[in-house]
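Structure record follows, encoded as structure tokens.
In this note's numbering, the protein residues as written are 6 to 453.
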């Protein structure tokens, strides 16, 4: 007598289990693409610059959210990049100096990791992209410039071709522009550009400012090419696009200093069509909350459905577990190249307070990089010697620095009038000084 077959029973059981298998399948996750400008301020059309030629970035802003108060935690690349790629301030990493010799770099502290490593472990393909389709016609250096040691390769790939549908990716494009030297095609007319309020109206200043705007325009061209390729490859509708600067603009009172222009950078985020947007994210809107660049790391992890490490000092600002808005953002400048100037700063929604911890040294202390790359640097010294600077300009060129500075950014966005000595602003100065003292203690900043 033949044995009864079990095939019908097996088939029946499989039909019962199919919903279980289906519910266990991982939910799709968005790709994340960071587009990082080098030494970039907010001189974009979407931020109101009258001379900007940035149609692609302006469109990205219109399609996403533009953040108006996004600040790096250091006004120079290596310390800033070390911070936003870990979600930590530079001081706990020992990464606050610019630059640190390779032999002197420390390993990351226990529990601190590169964001790319966290995404790799979460199943993402990670990339620092430098190899693109031949017809894209862009060259990307792939800058990282971190001030710490790490063992495993930082990224899985450098090739655009490896960003294929089916596996989510966390990718970066680290553009060269608008870092000096300025090599972009000449577009802006130096005679017609609008100079920032701090800078003297001089032909050298005008030519230098126009060249910077041209470099920003070249960055915009490259961003437009990348976004077009993202669409052509069918990736745009699955990819969160995040555009920002690594530190402030590369002019004499900006990069490497703790004024607004050294730390204030653009942030544009576009949400993909194939994923529901987080609460409060509305394309074409503007967000004014205070944000630090170290907030990017926890935010990206949260948007990918990953837990945010408790040790991470950044705060998620999008998603179901977004933190409360910040009351303050902080910044620090330590040694830059051979120049030993130490500055600390805090900003609230209205005021910026700066402590100069080396007030016996001039803000324009000798610096080979600036002396070589910044034509306005030498001009400023010439004008100072001739007595042709305004009081605010002369303060920057003085042989010593003020121990404290305070600026009302609503009334004085160019930071031309130092209110720190004014008794009428004593309460604001003291409040911000205390906030800065507490922050320095929290990040183990032991500088006297």
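Backbone N, C-alpha and C fix where the C-beta goes; we use that ideal spot for every residue, glycine too.
Worksheet item: Roughly how many angstroms lie between the CA atoms of residue 247 and residue 415, to the nearest whole one?
Response: Here residue 247 refers to the residue found at position 242 when the chain shown is read from its first residue. Here residue 415 refers to the residue found at position 410 when the chain shown is read from its first residue. Going from the Cα of residue 247 to the Cα of residue 415 covers about 28 Å.
**Prompt:** Pick from 291, 283, 347, 175: whose alpha carbon is nearest that of residue 321?
**Reply:** Reading the chain shown from its first residue, position 316 is the one you call residue 321. Looking at the Cα atoms, 283 is the closest of the given residues.
*Leaving out five residues before and five after residue 26 in sequence, what residues of the same chain have Cβ atoms less than 6 Å from its Cβ?*
For the purposes of this step, residue 26 is taken as the residue at position 21 of the chain shown. Interpretation of residue 26 is limited by its pLDDT of 44, a score under 50 that renders its predicted location unreliable; the figure taken from the coordinates is listed afterwards. Cβ neighbours of residue 26 beyond the five flanking positions: none.
Any chance the region 51 to 61 sits against the region 258 to 269, with 3 or more Cβ pairs inside 8 Å?
no
- Query: Leaving out the 5 sequence neighbours to the left and right, which residues in its chain are closer than 7 Å to residue 239 when beta-carbon positions are compared?
  - Reply: Here residue 239 refers to the residue found at position 234 when the chain shown is read from its first residue. Excluding positions up to five away in sequence, the list reads 170.
Taking C-alpha atoms, which residue in 139, 149, 64, 181 lies nearest to residue 164? Looking up residue 164 in the chain shown gives position 159. Residue 139 is the option with its Cα nearest to residue 164.
Checklist entry - What residues are listed by DSSP as bridge partners for residue 361? => result The residue labelled residue 361 in the question sits at position 356 within the chain shown. For residue 361, which the question treats as bridged, DSSP gives the partners 348.
Let's test the definition: count the other Cβ atoms within 10 Å of the Cβ of residue 391 and tell me whether it reaches 16, buried, or not, exposed. In the chain shown, residue 391 corresponds to position 386, counting from 1. When all chains shown are included, residue 391 counts as exposed.
Please confirm if the region 316 to 331 is in contact with the region 340 to 348, defined as three or more CB-CB distances below 8 Å between the two stretches. no
- prompt: Of all the options 79, 287, 175, 441, which has the alpha carbon lying nearest to the alpha carbon of residue 151?
  reply: Along the chain shown, one-based indexing puts residue 151 at 146. Closest by alpha carbon: 79.
**Request:** Might you give, ordered along the chain, the residues of its own chain that have their beta carbon closer than 6 Å to the beta carbon of residue 131, omitting 5 neighbours on each side?
**Result:** Your numbering for residue 131 matches position 126 in the chain shown. Excluding sequence neighbours, residue 131 sits near 121, 124, 125, 160, 161, 175.
Measure the alpha-carbon distance for residue 119 versus residue 291 and round it to whole angstroms.
Here the question's residue 119 lines up with position 114 in the chain shown. Here the question's residue 291 lines up with position 286 in the chain shown. If you take the alpha carbons of residue 119 and residue 291, they lie about 30 Å apart.
query: Looking at the structure shown, is residue 101 part of a helix, part of a strand, or coil, going by DSSP?
result: Taking the first residue of the chain shown as position 1, residue 101 is located at position 96. Note: residue 101 maps to coil in three-state DSSP.
Task: Identified DSSP bridge partners for residue 529 - done: The structure shown does not extend to residue 529, since the chain is modelled only from 6 to 453, so the question has no answer here.
- Of the choices 103, 316, 66, 97, whose alpha-carbon is the least far from that of residue 229? In the chain shown, counting from the first residue as 1, residue 229 sits at position 224. Ranking the options by Cα distance to residue 229, first place goes to 66.
* Identity of the residue in 413, 433, 372, 410 nearest residue 103 by Cα -> In the chain shown, the residue the question calls residue 103 occupies position 98. Measuring from the Cα of residue 103, the nearest candidate turns out to be 372.
Rounded to the nearest angstrom, how far is the Cβ of residue 496 from that of residue 356, given a contact under 8 Å? What the structure shows of the chain is the stretch from 6 to 453, and residue 496 is not part of that stretch, so it cannot be assessed.
Are the CB atoms of residue 251 and residue 41 nearer to each other than 8 Å?
Against the chain shown, residue 251 aligns to sequence position 246. Against the chain shown, residue 41 aligns to sequence position 36. A contact, by the Cβ cut-off of 8 Å.
Buried versus exposed, by CB contacts within 10 Å (16 or more), residue 179: Numbered from 1 along the chain shown, position 174 holds the residue referred to as residue 179. When all chains shown are included, residue 179 counts as buried.
- Can you tell me the Cα-Cα spacing of residue 48 and residue 198, whole angstroms? Working through the chain shown from its first residue, we reach residue 48 at position 43. Working through the chain shown from its first residue, we reach residue 198 at position 193. In a straight line, the C-alpha of residue 48 is about 12 Å away from that of residue 198.
Inset, instruction - Consult DSSP for residue 16 and reduce its assignment to one of helix, strand or coil. - result: As a first step, residue 16 must be located in the chain shown, where it is residue number 11. For residue 16, the predicted model reports a pLDDT of 48, less than 50, meaning its position is unreliable; a value from the coordinates is still stated below. Residue 16: helix per DSSP, three-state reduction.
Fill in: Host beta strand (DSSP E) of residue 89 (start-end)
Position 84 of the chain shown holds residue 89. Here residue 89 belongs to no beta strand (DSSP E); instead the alpha helix (DSSP H) covers 82 to 89.
Original post:
Can you name the residues that DSSP bridges to residue 341?
Top reply: Here the question's residue 341 lines up with position 336 in the chain shown. Paired residue(s): 103, 344.
- Query: Across which residues does DSSP place residue 177 in a beta bridge pair?
  - Reply: Within the chain shown, the letter at position 172 stands for residue 177. 39, 133, per the DSSP bridge assignment.
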